[in-house]
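**Q**
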Amino acid sequence: MNNKTLLSMYKKMQFFRIVEETIAARYHENKMRCPVHLAIGQEAISAAFSQVAQKGDYVMSSHRAHLHYLAKGGSLNSMISELYGKENGCSLGKGGSMHLIDLKVNFMGSTAIVGNTIPISAGIAMASKIKKEKSMTFVFFGDGAIEEGVFYETVNFAIVKELPIVFVCENNFYSVYSPLKPRQPKDRKIFKMVEAMGIKSFKADGNQIKKCYRTFSDAKKYVDSKKKPVFLEFETYRHLEHCGPNNDDNLNYRGSKEILRWKKKDPIINFEKELIKKKLLNKKKIYLEKNKIKKIVNTAFFKAEKSSFPNQKEAYRNLYA
Amino acid sequence: MNNKTLLSMYKKMQFFRIVEETIAARYHENKMRCPVHLAIGQEAISAAFSQVAQKGDYVMSSHRAHLHYLAKGGSLNSMISELYGKENGCSLGKGGSMHLIDLKVNFMGSTAIVGNTIPISAGIAMASKIKKEKSMTFVFFGDGAIEEGVFYETVNFAIVKELPIVFVCENNFYSVYSPLKPRQPKDRKIFKMVEAMGIKSFKADGNQIKKCYRTFSDAKKYVDSKKKPVFLEFETYRHLEHCGPNNDDNLNYRGSKEILRWKKKDPIINFEKELIKKKLLNKKKIYLEKNKIKKIVNTAFFKAEKSSFPNQKEAYRNLYA
Amino acid sequence: MPKISFVDAINLAISHSMRKDKKMICYGLGATDPKSIFGTTKFLEKDFGKKRIFDVPTSENALTGVSIGLALNGIRSVVSHQRLDFFLLAFDQLINSAAKWYYMFGAKKPVPITIRLIIGRGWGQGPTHSQSLQSIFAHIPGLKVVMPSSPQNAYYLLKDSIFDPNPVVFLEHRWLHNLKSNVSYKKSNKLSGSKVVKKGKDLTIITMSWAVHDVLDVSKRLNKEGIDIEVIDLSVIKPIFWKNIFASIKKTGRLLVIDTGAYTGSISSEIISEISINYSSRLKTPPIKIAMPDFPEPTSYGLTKNFYFDKLEIIKNIKKILKIKKTLQIEKNIKLPTHHDVPGEWFTGPF
Amino acid sequence: MPKISFVDAINLAISHSMRKDKKMICYGLGATDPKSIFGTTKFLEKDFGKKRIFDVPTSENALTGVSIGLALNGIRSVVSHQRLDFFLLAFDQLINSAAKWYYMFGAKKPVPITIRLIIGRGWGQGPTHSQSLQSIFAHIPGLKVVMPSSPQNAYYLLKDSIFDPNPVVFLEHRWLHNLKSNVSYKKSNKLSGSKVVKKGKDLTIITMSWAVHDVLDVSKRLNKEGIDIEVIDLSVIKPIFWKNIFASIKKTGRLLVIDTGAYTGSISSEIISEISINYSSRLKTPPIKIAMPDFPEPTSYGLTKNFYFDKLEIIKNIKKILKIKKTLQIEKNIKLPTHHDVPGEWFTGPF
Ligand SMILES: Cc1ncc(C[n+]2csc(CCOP(=O)(O)OP(=O)(O)O)c2C)c(N)n1
Ligand SMILES: Cc1ncc(C[n+]2csc(CCOP(=O)(O)OP(=O)(O)O)c2C)c(N)n1
Ligand SMILES: [Mg+2]
Ligand SMILES: [Mg+2]
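Order-wise, the sequence lines are chains V, F, B and A.
Note that our numbering gives residue 225 to position 225 of the first sequence, counting from 1, and the numbers run on in steps of one.
Note that our numbering gives residue 24 to position 24 of the second sequence, counting from 1, and the numbers run on in steps of one.
Note that our numbering gives residue 285 to position 285 of the third sequence, counting from 1, and the numbers run on in steps of one.
Note that our numbering gives residue 111 to position 111 of the fourth sequence, counting from 1, and the numbers run on in steps of one.
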C-alpha cells in the first residue's frame, strides 16, 4: 500500500463517518422518515473495499448499506435525497434507506430482508460470467444472514458454477439486540464453516483497514486467477443502535467492557494515529479534510431538504416495466 | 453384534426387499395409484437402524420412506392399504405413499417436499427434551436434501439448542436423474462439511450393514451421553428408478459400470454370503424365511385390495381439528 | 376492567396462556431482547424462564418447522415475527405442512401453533415491511387467520388462537400497538369472528384491523346526521363467520367492504363474491370495495400521502352507496391526522 | 400448421425464444436429464449447449434469486419447477424481490424472468403435489400470472411471457401435457388474456387451464340444444384483461366462473366481485362459482372420485343459472372418463 492509498482510505473512512453522523444528528428532525441502519464503527471494511473494487465490479448489500453504496462511488446526493423521500432520490423515493441503487457505478441494489440479496448477487455474477465480463460481484451481509438457508444454497451454487463472486460477511457479533449465543454454536468460526462447503475463505480484523485492504486484494486476485468464488469474514462492531440514530448502550445487551474494548479499536482513531506517526497526517490536515467533507455532506442534506417530494401520481406508476 | 442381531438384521433386509419388490411387481395393476419411491438397494441402513432404535425414539422421513416406516415397526398392513388408498390406510388414504405415519411406534410422518421434515424433526426432538423423555429423534433424507437451505438452518438450531436428534443422510449419489456433479462441489465430503457447522458427524458405507449398525450405535451413544445432535452420512445406491416400479438403466444417466459396481455391493447378497459362511444361514433357511415373509406381505396386499375405499365424505372431513 | 394497551393485551394473553398450559413455549427473533418485540413479550422470561421463552437464529423456515414438530410432540407454541414480510421465507412449512398435516395424515395429530406476524405501516416502512397479505393465508385450506383490532379482542382472539388445535396466523397491526382500552380477561372460547361492533340498518360496512377504528368513528358520528350504519369487524378472516354478515346484509341491503390488503384478490372480494352469489336479490345497490392500491407501498412521505385511504375516502363511499349528494357535517368538521404516516404523536420511528 | 402436443409447444416456445434472444438461458431441476421435465426441455441442451440450459441443485429460493440477478445484469431466463408446490420455498425471492424490484428501485431495472410451475393432478398426487395457487400469485402487485390451456396458447403465451419485461409466473397444468392440436408459430406479442374462445349470448362462462376443455365441450354441444354460451379463457390471471369480460356480461347478463383453485379467495371471487361492483344492474341472475373444495387434495382414488368437478357438475350449474328444469340431451349422452384421476389412457403414473 502506498501513501496515496493509505490517505485515500483514511479520507473515505472520515467521509463515511461524517455522513452517518450527520444522518444521526438530523434524524430527530423527523424529515428522514424511514428506518436507517447506520454503520458507524464498521467503516474500515467499506473504505478498504472502495480502494480495491474496480469500476466494472458489481455490488449488492443488505439493510446496512449506506457505506457499501458510497464505497462503490454511489452518489451521496441521491442517497441523502432517498432518505428524505425526495424525487431526486436514487430510488425515486420509493425505496428509502433500505433500498439503495446506483447503476452508474454498478451498485445493483440493497434490500432489507436478511439474506435476500445473496442469491441475487450470484445471478449478477453468473450473468457477468456469461457475458465474459472481467468484473466480479461483491455482496455484503452480516453475521445474522448466515443463519438463513439461502446463504448456503447460494454458496453451494456459486461453487458448482464457479461464479466470480465475493461473499463479504461483516460479523459485528449482533443481529439486532441478539448476540451470537442464542443464534450460533459456541466457538464457531464462520469462515471455517463456510470453507468446509468448498469455497476459498479468508478472515480478517475488520477494524484494521490495512488488513481489510489486503484481504480484499487477495480475494480479488483469487477470483481473477482461479475464476472461483471467495468468502470473507470481517470482525467488527457497530457503535450505535441496530436501527435508528441513537446510542443504545443503556439497554445493556452489550456489556460496557465489551463496548469499551471495541471503541478502543475504533478503525478511524487508530488509523489516524498511525498516519500521524507516519507524518502523512497532522491536526491541521485532519481539520481541513473533515471540513471539506462536512461541506460536501451538508450540501447533500441541504439539497435533499430543498428538493420536492415526487409527484403523488408516481406512487401509481411503473409497477410493470 | 451377536448372532441374533445379525440374523434379525438379515431378515429385516429381506423383508424390506420383498415388500418393495412386491410393490414394484404389482404397481402395473394400476391399483396403487400414487407415486412410489422404492428403496431397493438401500436396505442395510434401515435394517441396521431397526436394531438400534428404541421404542420411544421418534422417526421422520421424506418421499422415500417405506423402509424407515417399517424399520421403526410401522404396520405393514396400514402402509400397503395406504398405497391402495383404502380406509384402513395409515393416513386414511389421504396421504398415499408420500405421507406415512404410525404413531403407535412414534413414526411421526414422512412428506415429499425435499427437506421438509428436517426442521419438523428438530421440533419433535425439542419437545422430547422439554418433556425430559429419554428418547431421541431420527430424521432420514437424501443427498439432495442438503441442497435445501432449511437443512443448514435446522442443523444450526439443533446445535445451539443441543437437541437429541440424529440427522441421517442416505447419499445415493442421485437426486431424481441428476448426479451430484451439477448439484454439489466436486470432492465434497458431505459429512465433513456438516461437521464444520459444529456437529458431531459420522460416515459409513451404507451397504455394509454391520458398519451401519455400528454407526447408528455410536450415534445413539453420543446423543445419549453428550446430549447433543449428530449427523450421519451413509453412501448407498438405489437399484430402480427414482419414482415408480421400473428399472431405468436404459436411460443411461447412470453408467453401466457404475450400476454393476453397486449391484456387486448389494447389501443383502453380500451379507447373506457372510452369514452362510458363518453357518448362520443356509439355502433352506433362506428359502423358508423368504417364504414366511412373502406370506405376510401377500396377506397385506390381499387385505389392502379387499378393503374399501374411504367414504367419499371423508374427503370433506377433518380439515380442522 | 383495567385500561391497558394493545401491546399489553398481547403480552397478557401469552402470559395467561403460558400459565394455563404449563408446557407451552414462546419464541421468535428478539423475544427476550431488551425491546421484547415492541414490548409484547416483556417479563415473560422473568416469569417463565429461558426454557419457555427464547430468542432464535434468523431462520424463519426452519423455525416454523420446529413449531410443527413441537406441536406433533405435544408442545403448543407461539412464534413471533416482527414483520409479516420476513415470514414469506417460511411458506413451505406453513402451507405444505402446518396447514395440511391434520388432514393429510388422516386426522392423527393436530398442529396447534400460533404464528404472530406484525404488519408495518408508515414511517417509510416501504415495500417489504408493510405487506398485509391476509387474503393469501385465507386461501389456504387448513389455516385459520385472525386480525384483532383492539386491546380487548387482541386479548381474547390471541388466547383463543393459542388454544385452538389448528395452526393460526395471527396478524397484528403495528399501528394498533399503542391503542388503550379497558379489557376484561375472558376465559378462552372457540375462535369466532364477524362481530357486529355497531348496529345499524342503512348500510353494512365490513372491515378489519386498524381500519375498524376509522370506520367506527365515522359511523358513530354519522348517526347524528341520521345515517345508521352497521359495522362488522371481521376479526377472523378464515374461516369467515358468515352468519352475522348475511344477517346484516338481509337487514341493510347495502354493502361496503374496507380492506387493509391490496385490492385485487383481497378477502373483500371473497365477501362481495359470496354475497353476490347468495344474496344478490337483497342488495339494493351494488357493493363497493375500498382497499389498498395494487402497488407495493412506496417509502417516501410524499408518495404515501394519499396512498392509504382515510376517513374522507370512507365517507365519500358511504355517500355514494347511500346516494347522498349534499355535503355532510362530518365532512366539514373532519380532523385528519397531521402526519399520515404515523399512528400518533408517540411514534417517531425508526421502525 | 403442424399438429403438436402441449409439451412440444412449450418446448418450441423456449427454443424459439432462445434462438431469438441469444443470451437467454433456461434452467431447473431435471432440465437436462433424460426426462427433460416431461419432455418440455428436450433437445435444448443439444441445440444451445450446457451453458444456456442446465440442471441445478434443489435450492428453489436461491435459484429464484439467481434468476433475478441474471435479469438485473441483462440475462433473461426461464426457470422450471416440476411442481408448483416446491416453489413455496421461493416466496421470499418472488414476492419481496422479483415482484417489487422494478417499482421499489424507481423503475431503474426491469426483471424479465419466467417461472414455469407445473400443477399436478390425479394419480395420487395428493395434498402437496397438486396445488393450484394462481390466486395467491395474482394478489401480489408486480407479478404477471399466466395459465395456458392449449398447445396454441401455450406457445404464444410462453413466448409472450419470456419477452415480457416483468416477472411472469407461468402455470402449466400437467393434464394438458399430452393434448395435441395445430399450432401456428406466431410472433411474440404483448401478453394479453381473457380470450373469447366461443361466442354466445345466453351466459358467460369464464374459466382457465384444463377446465377450458370441459367447458368448451359442454358449451358446444349445448348449442345444439338451443343454449348459446360464451366462453372466456382467462389465460392471463394477472393482470386480468377486463374488457372482454365486461363486454360479455353486458351481452349475456349471466355469469358462471369455473376455477381450478380452492373456492375461498379464488381468482373467480375477484371476477364475481368486480362484476358485482361494476355491472350488478346488468346481471339477470346471481353469478355462480364452481371451484375446487376448500380442502387439500386427498390422495386416494376413492377420495378424489368426486373431488374434482366434472362435466355433469358444469351442466348442473348452467341449468341452474338458466333456470332450465328439464333433462337435457347432453345429460343423457354424457360420457365421463373411466378413471377420474388420469387425463387419458396414456397416463399410468407414477407422477
Ligand atoms: C428475513 C428477515 N428476518 C428478520 C429480519 C429483521 N432484521 C432486520 S436486520 C436484522 C439483523 C441482521 O443481523 P446481521 O445480518 O448480523 O446484520 P447487522 O444488522 O448486524 O449489520 C434482522 C434480524 C429481516 N429484516 N429479515
Ligand atoms: C422442494 C422440492 N424440490 C424438488 C422436489 C422433486 N424431488 C422429489 S424427490 C427429489 C430427489 C431428492 O433427492 P435425494 O434427497 O437425494 O433423495 P433420493 O430420491 O435420492 O432418495 C426431488 C428433487 C421436491 N419433491 N421438493
Ligand atoms: Mg450483525
Ligand atoms: Mg439421493
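Even for Gly, the Cβ is constructed at its ideal location relative to N, Cα and C.
Indicate whether the contact test is met: 3 or more Cβ pairs, each with one atom in the region 291 to 299 of chain B and one in the region 282 to 289 of chain A, closer than 8 angstroms.
**A** Cβ pair count under 8 angstroms is below three, so no.
**Q** Please return the same chain residues whose Cβ sits closer than 6 angstroms to the Cβ of SER36(A), not counting the five positions on each side in sequence.
**A** Around SER36(A): LYS42.
**Q** Indicate the three-state DSSP secondary structure (helix, strand or coil) for TYR10(V) in the structure shown.
**A** In the structure shown, TYR10(V) sits in a helix (DSSP, three-state: H, G or I).
**Q** Does any CB atom of chain B fall closer than 8 angstroms to the CB of ILE328(A)?
**A** The displayed chain sequence assigns Leu, not Ile, to residue 328(A). It does not: the Cβ of LEU328(A) has no partner Cβ on chain B nearer than 8 angstroms.
**Q** What's the call for GLY338(A), buried or exposed, on a 16-neighbour Cβ count within 10 Å?
**A** A quick correction: the sequence has Thr, not Gly, at residue 338(A). Exposed, since its Cβ has fewer than 16 Cβ neighbours within 10 Å.
**Q** Please work out which residues of its chain come closer than 8 angstroms, Cβ to Cβ, to HIS81(A), disregarding the five sequence neighbours upstream and downstream, and give them in chain order.
**A** Taken in chain order, the residues that qualify are GLY28, LEU29, GLU60, PHE87, ILE115, ARG116, LEU117 and ILE118.
**Q** Given that LEU29(B) touches chain F, what residues does it touch there, using C-beta distances under 8 angstroms?
**A** Simply none; closest approach about 13 angstroms.
**Q** Look at the alpha carbon of THR5(F) and the alpha carbon of VAL223(F), and state the distance between them as a whole number of angstroms.
**A** Cα-Cα distance, rounded: 22 angstroms.
**Q** Any C-beta of chain F sitting closer than 8 angstroms to the C-beta of ALA107(B)?
**A** So yes, ALA107(B) belongs to the interface.
**Q** Does DSSP classify GLU297(B) as helix, strand or coil?
**A** Here GLU297(B) sits in coil by DSSP.
**Q** Hey, ASN171(V) and ALA44(V): beta-carbon distance below 8 angstroms or not?
**A** Contact: no.
**Q** Judging by CA-CA distance, which residue of ILE68(B), GLY124(B) and PHE307(B) is the nearest neighbour of PRO350(B)?
**A** It is GLY124(B) whose Cα lies nearest to the Cα of PRO350(B).
**Q** Could you say which of ILE258(A), TYR279(A), ALA262(A) and ILE240(A) lies nearest to LYS250(A) if we only look at CA atoms?
**A** Considering only alpha carbons, the answer is TYR279(A).
**Q** Indicate whether at least one CB of chain F lies closer than 8 angstroms to the CB of LYS319(B).
**A** False, the Cβ-Cβ gap to chain F never drops below 8 angstroms.
**Q** Any heavy atom of ligand 3 closer than 7 angstroms to the beta-carbon of ASP214(A)?
**A** For ligand 3, not one heavy atom lies less than 7 angstroms from the Cβ of ASP214(A).
**Q** Taking the continuous beta strand (DSSP E) assigned at CYS212(F), which residues delimit it?
**A** No beta strand (DSSP E) holds CYS212(F); the alpha helix (DSSP H) holding it covers 209 to 226.
**Q** Is ASP55(A) close to ligand 4? I mean its beta-carbon at under 7 angstroms from any heavy atom of the ligand.
**A** Because no heavy atom of ligand 4 lies under 7 angstroms away, the Cβ of ASP55(A) does not count as near it: no.
**Q** Is it right to say SER281(B) is buried, meaning 16 or more other beta carbons lie within 10 angstroms of its own, or is it exposed?
**A** By the neighbour-count rule (16 or more Cβ atoms within 10 Å), SER281(B) is not buried but exposed.
**Q** Since MET108(V) is in the beta strand (DSSP E), which residue starts that stretch and which ends it?
**A** Residues 107 to 110.
**Q** Output yes if chain B places a C-beta closer than 8 angstroms to the C-beta of GLY206(V); else output no.
**A** So no, GLY206(V) is outside the interface.
**Q** Please state whether DSSP places TYR174(V) in a helix, a strand or coil.
**A** In the structure shown, TYR174(V) sits in a strand (DSSP, three-state: E or B).
**Q** Of all the beta strand (DSSP E) runs that stay within the bounds of the region 182 to 258 of chain B, which reach a length of 3 or more residues?
**A** Whole beta strand (DSSP E) segments, 3+ residues: 195 to 198, 203 to 207, 229 to 233 and 236 to 238.
**Q** For the region 122 to 171 of chain F, list the beta strand (DSSP E) runs that are entirely contained and at least 3 residues long, ordered along the chain.
**A** Correct list: 137 to 142 and 165 to 171.
**Q** So, are the CB atoms of PHE137(B) and LYS238(B) less than 8 angstroms apart?
**A** A contact, by the Cβ cut-off of 8 angstroms.
**Q** I'd like to know if ARG183(F) contacts chain V, where contact means its C-beta is closer than 8 angstroms to some C-beta of that chain.
**A** Closer than 8 angstroms: yes.
**Q** In the DSSP output, what is LEU117(A) paired with across the bridge?
**A** Answer is HIS81(A) and LEU171(A), bridged to LEU117(A).
**Q** Relative to the C-alpha of HIS37(V), which candidate in LEU180(V), SER175(V) and LYS86(V) has its C-alpha closest?
**A** Here the closest residue by C-alpha is SER175(V).
**Q** Jot down the residue ranges of each uninterrupted beta strand (DSSP E) in the region 248 to 312 of chain V, minimum 3 residues, whole runs only, in chain order.
**A** The region 248 to 312 of chain V contains no whole beta strand (DSSP E) run of 3 or more residues.
**Q** Whose C-beta lies closer than 6 angstroms to the C-beta of PHE23(A) among residues of the same chain, with five residues either side of it excluded?
**A** A quick correction: the sequence has Lys, not Phe, at residue 23(A). Closer than 6 angstroms at Cβ, skipping near neighbours: ILE75.
**Q** Please identify the residue among LYS132(V), ALA47(V) and CYS34(V) whose C-alpha is closest to the C-alpha of GLY120(B).
**A** GLY120(B) has its Cα closest to that of CYS34(V), out of LYS132(V), ALA47(V) and CYS34(V).
**Q** Give every residue of the same chain whose Cβ lies closer than 6 angstroms to the Cβ of LYS195(B), excluding the five residues on either side of it in the sequence, and list them in chain order.
**A** Around LYS195(B): ASP233 and SER235.
**Q** Please determine, among HIS129(A), LYS159(A) and PRO167(A), the residue with the shortest C-alpha to C-alpha distance to HIS173(A).
**A** Minimum Cα distance to HIS173(A) is reached at HIS129(A).
**Q** At a Cβ threshold of 8 angstroms, is VAL166(V) touching chain F?
**A** By this cut-off, VAL166(V) is not an interface position.
**Q** Grab the span of the beta strand (DSSP E) containing MET292(B) for me, first residue to last.
**A** 288 to 292 is the span of the beta strand (DSSP E), which, as asked, contains MET292(B).
**Q** Is there at least one non-hydrogen atom of ligand 3 closer than 7 angstroms to the beta-carbon of GLY124(A)?
**A** Checking the Cβ of GLY124(A) against ligand 3 gives no.
**Q** Could you tell me which of LEU84(A), ASP8(A) and ILE113(A) sits nearest to CYS26(A), measuring between CA atoms?
**A** Residue ILE113(A) is the option with its Cα nearest to CYS26(A).
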